[in-house]
DNA sequence: GATTCCGGAGAACAGTTGTTAACTGCATGG
DNA sequence: CCATGCAGTTAACAACTGTTCTCCGGAATC
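Right under this line is the structure:
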């Protein structure tokens, strides 16, 4: 144990990664539920039977893709959440980060938004679990903010969920807009998303104004 | 022209509807992009080739499903939007309507949320267009509300989009929760969604408080 | 240096797919 | 009443699917 990876393991990881990459690319024009095992191996250039050396099924590969995709998302969320400055600055910075992530990992974003409600149960559940972790993390960041003083845990949770959904939706819209060369569509998406974040921020500031607001 | 339907046309519509119904049911466990033509005809009990008498392809059938699904959603949105009463009442009523719709048309809700970001381009576009219409309609209702006095069209639009996305997301969560017999999961979803609507409502009331809010 | 391990190849399997062509039977319109 | 239209059928097509079993060659282990 505690060996240097070894030529063998390294090669295996390489092929495994090639399978994941090929699958992600093939998923641009279809859903996981229609992705074929032979299709993926053909794209990689290996025999269909070699697939089983890495995954038991396409669903299994899908779950691996969820982890890869959400791992790449994780640092982004963390950075967003740690950003300092006043409301407007934070919003602008958050939108830059989201747009940057979509540019860097478009296939990951497409995969997550597509398969979140997609036809493969285990993959849906994997995405739900991972997004749940993110929501908790966002919730913790929100809770440590003075604006959230006096908030119940449930209220913090619902706000975190609102933010996560808005981020995902915005990422998906950025992805759709990435076909536009002029950047006009992207700008429109950013404007709308900024206003939505602003409105939620305002609601947040006045949440405890009225009796019963803090349930 | 202007004939009484006739036995022939009536039978054709019946088979066509049977195809749509069978497809919708088969789509519970997969995505449209993996749904097979033979699979659908087999479920209906007709020959595969008869499919072409009604649709040119599965994608074509998918677009027809979009119209059917969103047509059933339309009256619900309309009712929600026309509901009177104070904020809390409206929220409770809206959630009842959403939950009721999910109960009445679970397959429609599943189809729309799944294929909104799904693997079939024309279907995604059809859903986007139809949801765009809804958003406009919601926007018109919001604009005629005294709370929105002095709002720019763009701001009303972003708010409408926020509401539509929240409705869809909530519908999807209700659908997931419908497996639970006790109704406990459903209650949890309703509580969170109610708070989110409340927070958005608060943000709405204070939107014009600060300079620059009305962009 | 001999032996075990294991990622990958090859061939074959029974099923499945979408699409074609030519057909049948019945409701329709003249 | 007869001719046309047309929903649905049957048969056949080449191509594709996931999965099995057997084998090969080179790395890893002793």
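Protein chains in written order, with the working numbering: chain Y, 1 to 215; chain G, 216 to 430. C-beta atoms are modelled at their ideal positions from N, C-alpha and C, and glycine is treated no differently.
Below 8 Å, too few C-beta pairs join the region 350 to 366 of chain G and the region 322 to 342 of chain G to call them touching: fewer than three. Shown here for residue 172 (chain Y): same chain residues with a beta carbon closer than 6 Å to its own, the five before and five after excluded, namely 113 in chain order.
Measuring C-alpha to C-alpha distances from residue 160 (chain Y) to each of Y:13, Y:200, Y:124 and Y:46 identifies Y:200 as the nearest.
The Cβ atoms of residue 90 (chain Y) and residue 79 (chain Y) do not sit closer than 8 Å to each other. For residue 326 (chain G), the uninterrupted alpha helix (DSSP H) segment begins and ends at 321 to 330.
Residue 362 (chain G): not part of any alpha helix (DSSP H); DSSP gives it neither H nor E.
With fewer than 16 neighbouring CB atoms inside 10 Å of its own CB, residue 182 (chain Y) falls in the exposed class. For residue 365 (chain G), no chain Y residue has a Cβ inside 9 Å of its Cβ, as the nearest lies near 15 Å away. If you draw a straight line from the Cα of residue 95 (chain Y) to the Cα of residue 123 (chain Y), it is about 27 Å long. Contact of residue 370 (chain G) with chain Y is assigned, a C-beta pair being separated by under 8 Å.
Going by beta carbons, residue 381 (chain G) and residue 412 (chain G) fall inside the 8 Å limit.
The beta carbon of residue 25 (chain Y) sits closer than 8 Å to those of 43 and 107, all from its chain and outside the five residues before and after it, given in chain order. Interface residue (Cβ-Cβ distance to chain G less than 8 Å): residue 98 (chain Y) is not classified as such.
For residue 273 (chain G), not one C-beta of chain Y is nearer than 8 Å to its own C-beta.
The residues 317, 321, 324, 325 and 328, in chain order, have a CB closer than 8 Å to that of residue 390 (chain G) in the same chain once the five nearest residues on each side in sequence are set aside. Counting only runs of at least 4 residues, the region 261 to 348 of chain G fully encloses the following alpha helix (DSSP H) elements, listed from N- to C-terminal order: 273 to 297, 302 to 319 and 321 to 330. In this structure residue 98 (chain Y) does not touch residue 138 (chain Y) by the C-beta definition: roughly 13 Å separates them, more than the 8 Å allowed. By the rule that beta-carbons nearer than 8 Å mark a contact, residue 289 (chain G) does not touch chain Y. Residue state for residue 425 (chain G) is assigned as coil, using DSSP reduced to three classes. In this structure, the beta-carbon distance from residue 286 (chain G) to residue 195 (chain Y) does not fall below 8 Å. Taking residue 385 (chain G) as reference, the option from G:422, G:405 and G:377 with the minimal CA-CA separation is G:405. The Cβ of residue 328 (chain G) sits closer than 8 Å to at least one Cβ of chain Y. With fewer than 16 other CB atoms across the displayed protein chains lying within 10 angstroms of its CB, residue 152 (chain Y) is exposed.
Below 8 Å, enough C-beta pairs join the region 11 to 25 of chain Y and the region 41 to 60 of chain Y to call them touching: three or more. With distances taken between CA atoms, residue 280 (chain G) lies nearest to G:345 out of G:345, G:422 and G:349. The beta carbon of residue 222 (chain G) sits closer than 8 Å to none of the beta carbons in its chain outside the five residues before and after it. For residue 172 (chain Y), the enclosing alpha helix (DSSP H) has its first and last residue at 153 to 177. With a cutoff of 8 Å on beta-carbon distance, residue 249 (chain G) and residue 34 (chain Y) are scored as near each other. Secondary structure note for residue 11 (chain Y): its alpha helix (DSSP H) is the uninterrupted segment 6 to 26.
In this structure residue 62 (chain Y) is not in contact with residue 37 (chain Y), their Cβ atoms being roughly 12 Å apart against a cut-off of 8 Å. Within chain Y, no C-beta atom comes nearer than 8 Å to that of residue 359 (chain G); the closest sits roughly 19 Å away. Residue 180 (chain Y) and residue 210 (chain Y) have their C-alpha atoms some 44 Å from each other. Within the model, the alpha-carbon separation for residue 290 (chain G) versus residue 349 (chain G) is close to 11 Å.
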